[in-house]
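full-length UniProt numbering puts the last residue of the sequence shown at 232; the count rises by one with no breaks.
Okay, so here's the structure we're looking at.
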Amino acid sequence: MSSSDYEGIDCEMIHDKTLTQHDCVFKISIIGDTSVGKSCLLKRITDNEFKETYELTIGVEFGSILFKMQEKILKLQIWDTAGQENFKSITKIFYRGTHCVFLAYDISRESTFENAEKWLKEVRQNSGSDVIVFLVGTKADVSPRAVTEEQALEFKEKHNLHYFIETSAKTNLNIESLFTVAAQKLFVKYKAKIENMVDESEGKPQSAGPSKFLLDRGDKTEEKKKKSGCGC
Numbered sequence: 001m002s003s004s005d006y007e008g009i010d011c012e013m014i015h016d017k018t019l020t021q022h023d024c025v026f027k028i029s030i031i032g033d034t035s036v037g038k039s040c041l042l043k044r045i046t047d048n049e050f051k052e053t054y055e056l057t058i059g060v061e062f063g064s065i066l067f068k069m070q071e072k073i074l075k076l077q078i079w080d081t082a083g084q085e086n087f088k089s090i091t092k093i094f095y096r097g098t099h100c101v102f103l104a105y106d107i108s109r110e111s112t113f114e115n116a117e118k119w120l121k122e123v124r125q126n127s128g129s130d131v132i133v134f135l136v137g138t139k140a141d142v143s144p145r146a147v148t149e150e151q152a153l154e155f156k157e158k159h160n161l162h163y164f165i166e167t168s169a170k171t172n173l174n175i176e177s178l179f180t181v182a183a184q185k186l187f188v189k190y191k192a193k194i195e196n197m198v199d200e201s202e203g204k205p206q207s208a209g210p211s212k213f214l215l216d217r218g219d220k221t222e223e224k225k226k227k228s229g230c231g232c
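Structure (structure tokens):
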């Protein structure tokens with residue numbers, strides 16, 4: 001996917017933190033091995049800050065940003081998950097309702113790229129087949145690199161991922177571009193789904209707000225069980 005896929009669709013990140021109103025919400029989960037820079041991505045996009053050292057994420061941390069697209073305000077909730085093995089049982093819970101996943105690896109550490117397949121398997125087991133997945137190379141400012149762009153592109157094509165980009169939270173390389181493309185991709189998908197939400201009785205789009213619809217993604221089976229009184 002390239003930016004040309006969205007020609008004609010204006011998308012602008014809103015930097016005014018006093019603005020709280022939004023039309024819809026999307027959940028993005030950042031996953032990958034420990035110390036690949038997931039927290040750095042989150043801190044750079046939410047606060048435009050970078051620290052050389054970060055404490056390991058305990059469980060899950062999150063932040064949010066806003067984008068304006070076609071007169072709509074989109075809120076992206078960004079979840080930074082712990083990469084340590086002992087937090088796996090906790091972080092799996094937070095795949096629920098995820099619309100987009102950033103599968104992060106450190107371009108200077110080959111092992112983090114080799115583990116990407118394991119992380120992708122976990123995503124598809126816990127998030128469903130329709131979740132959007134981006135492959136994100138981090139620390140693009142570091143030299144020498146251990147993973148080439150060609151290797152990453154081959155991985156993207158092999159696993160039919162939606163996007164690949166290399167970033168650097170330290171130099172701010174491609175950080176806003178990454179989240180802008182995610183907002184665009186999610187908005188296009190959201191529009192198509194809303195148009196297909198037809199009220200059978202009137203043949204018109206349902207009146208339910210987009211935020212409610214979006215936050216219910218992937219949880220409908222469980223919701224039906226609760227309504228039917230199923231305790232299984």
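Cβ coordinates follow ideal geometry from the N, Cα and C atoms, glycine included.
Values in this document were obtained by computation on a predicted structure and should not be read as measured data.
Going by CA-CA distance only, name the one from the options that's closest to residue i.
i: residue 180; options: 28, 18 and 23; result: 28
i: residue 23; options: 34, 11 and 75; result: 75
i: residue 101; options: 142, 13, 123 and 71; result: 123
i: residue 81; options: 190, 111, 35 and 162; result: 35
i: residue 53; options: 182, 119 and 38; result: 38
i: residue 64; options: 183, 120, 144 and 151; result: 183
i: residue 41; options: 190, 178, 191 and 185; result: 178
i: residue 43; options: 9, 175 and 105; result: 175
Along the beta strand (DSSP E) that carries residue i, what are the first and last residues, could you check?
i: residue 120; result: First-last for residue 120: 116-127, but that is the alpha helix (DSSP H), not the beta strand (DSSP E).
i: residue 107; result: Where residue 107 is concerned, there is no enclosing beta strand (DSSP E), given that its DSSP letter is neither H nor E.
i: residue 135; result: 132-138
Beta-carbon within less than 6 Å of residue i's beta-carbon, same chain only, minus the 5 sequence neighbours each way: which residues are those?
i: residue 69; result: 11 and 187
For residue i, collect the residues of the same chain with a Cβ closer than 8 Å to its Cβ; drop the 5 residues on either side in sequence, then sort them by chain order.
i: residue 79; result: 27, 28, 29, 30, 60, 61, 62, 94 and 98
i: residue 9; result: 69, 70, 184, 187 and 188
By Cβ distance below 7 Å, which residues in the same chain neighbour residue i in space, the five residues on each side in sequence not counted?
i: residue 117; result: none
i: residue 119; result: 31, 32 and 103
For the alpha helix (DSSP H) that residue i lies in, which residues bound it at each end?
i: residue 157; result: 149-158
i: residue 81; result: Note, residue 81: premise wrong, no alpha helix (DSSP H); beta strand (DSSP E) at 72-81.
i: residue 42; result: 38-47
* To do: Decide if the region 159-174 is in contact with the region 127-136; the criterion is three or more beta carbon pairs, one per stretch, under 8 Å apart.
  => yes
* Cβ pair count under 8 Å reaching 3, the region 14-21 against the region 151-158 -> no
* Asked: How about the region 171-180 and the region 119-132: do they share at least three Cβ pairs that are nearer than 8 Å?
  -> no
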